[in-house]
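Before any comments, here is the structure.
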Amino acid sequence: MMQEITFIPENHYREAADFIEQRTDKAPTTGLILGSGLGSLVEEIQDADIISTTSIPHWPQSTVLGHEGRIVIGHLGKNTVLVLQGRVHFYEGYSMAQVTLPIRVMKLLGINTVILTNAAGGLDPDYKAGDIMVIEDHIFPPGLAGHNPLCGPNLGMFGPRFPSAIQTYNPVLRKLAHQIAEKNGFTMREGVYVSLSGPAFETPAEVRMLRAWGGNAVGMSTAPEALVAYHTGMRVLGFSSITNKSIDNTAHYEEITHEEVLKLGRQIVPRLTAVIRGVLDTAPPYDPETSENHPENG
Ligand code: HPA
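Okay, so the sequence shown: first residue is 1 according to my numbering, each after it adds one.
In structure tokens form, the structure reads like this:
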């Protein structure tokens with residue numbers, strides 16, 4: 001039985017960060033978490049230092065096909081990035097604190113901007129498999145029901161006890177992402193991501209409910225990481241790759257398979273890479289003053 005750790009002490013984050021720092025001479029300022037089927041984005045990273053997550057102290061290990069469990073530190077365009085190829089999920093038996101450990105380690109490494117990607121179902125009837133959605137906001141039922149990753153003693157070094165969540169997904173970076181897509185000849189959606197615990201896909205009745213709540217896409221990750229990143233003053237940008245349409249009636253039987261999710265993810269990678277690279281190359285410099293959750297502003 002996996003040990004579920006609901007509170008992680010400060011020294012665990014530091015030990016993981018120290019381990020990574022000793023294995024690279026690069027100082028990444030952007031973190032990138034790659035969702036299901038999107039792992040091949042690491043092939044774009046130049047001059048890469050690769051660290052297996054199995055060797056990092058306290059690091060939760062991915063158990064899911066399509067999530068490699070590697071950290072790749074190198075250059076993407078003008079930027080030095082740390083790419084996590086393979087995240088862990090709550091449904092694997094990890095606590096939300098463990099799921100979000102990589103974000104806090106990124107913070108200790110000096111990262112100020114994170115880009116979170118995921119595979120998602122399209123709740124919005126207009127969405128098609130192969131679309132990319134910029135995350136405008138999220139609905140996070142596990143968090144509302146007591147599994148918010150910020151539960152437990154607050155580590156003030158990371159952020160305030162009662163953080164705001166109004167602009168979790170950075171408006172400037174979102175706008176920039178759309179501009180870059182237009183320049184590259186395609187458009188992206190923008191909408192509300194519903195973050196469930198999974199691992200079962202949604203029932204048709206749940207799909208209708210989530211739609212009524214205002215959700216546009218649904219998946220099993222991202223919101224916990226976004227909250228922990230925003231809490232600590234980072235800029236957050238999120239993308240959902242729509243790998244399937246959500247099925248909203250029991251008369252229509254069509255299986256959503258993990259293999260299909262991985263396949264669609266791979267088709268989306270070239271467009272997603274162009275947007276991420278473009279955003280990072282043109283983003284304004286990080287300014288802690290504009291981050292209302294930064295500890296000094298809290
Ligand atoms: N639901 C939840 N998670 C997903 C889906 C879905 O339809 N597709 C890819 N990840």
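Glycine included, every Cβ here is placed at the ideal spot set by N, Cα and C.
Please say whether residue j and residue i have beta carbons closer to each other than 8 Å?
i    : j    : result
A299 : A200 : Residue 299 is absent from the model: the chain starts at 1 and stops at 298.
V105 : A16  : yes
A222 : L116 : Residue 222 is actually Thr in this sequence, not Ala. In this structure, L116 lies closer than 8 Å to T222 by Cβ.
G265 : H89  : no
L237 : N154 : no
A177 : V275 : yes
Tell me which residue opens and which closes the alpha helix (DSSP H) that residue i is part of.
i    : result
I103 : 101-108
H12  : 10-21
G278 : 258-282
Measuring only the C-alpha atoms, how far is residue i from residue j?
i    : j    : result
T24  : T80  : 12 Å
P295 : G156 : Confidence at P295 is low in this model, with a pLDDT of 48, below 50, so its placement is unreliable and no value can be given for it.
E136 : L272 : 16 Å
A165 : H138 : 10 Å
E260 : E4   : 30 Å
G298 : P160 : Annotation note: pLDDT 42 at G298 (below 50); position unreliable, no value reported.
D18  : K26  : 13 Å
E190 : A226 : 16 Å
T113 : A181 : 20 Å
M1   : T290 : Residue placement at M1 is poorly supported in this model, since its pLDDT is 45, which falls under 50; the coordinates still yield a value, given next. Going from the Cα of M1 to the Cα of T290 covers about 43 Å.
For my contact list, residue i and residue j are in at a C-beta cut-off of 8 Å; report their separation, rounded to the angstrom.
i   : j    : result
I33 : L84  : 5 Å
Y91 : M220 : 6 Å
M96 : N148 : 7 Å
Which residue's Cα is closest to the Cα of residue i: the options?
i    : options               : result
V228 : E202, T53, T273, G143 : G143
V279 : G69, K78, E43         : K78
F162 : Y169, G152, A48       : G152
T54  : E68, I45, L41, A48    : E68
T187 : T203, E225, S241      : S241
I71  : A97, I103, M96        : I103
Q46  : G39, I73, V64         : I73
P60  : R87, H75, L196, N244  : R87
E21  : L38, F7, I111         : I111
G31  : H75, F158, R174, E43  : H75
K128 : A205, I50, T243, T29  : T243
S246 : T203, R174, G93       : T203
Counting along the chain, where does the beta strand (DSSP E) carrying residue i start and finish?
i    : result
K245 : 235-245
Q85  : 79-85
Q179 : Premise fails: Q179 lies in the alpha helix (DSSP H), 171-183, not in any beta strand (DSSP E).
A251 : No beta strand (DSSP E) holds A251; DSSP gives it neither H nor E.
L193 : Note that residue 193 is Tyr in the sequence shown here, rather than Leu. Residues 189-195.
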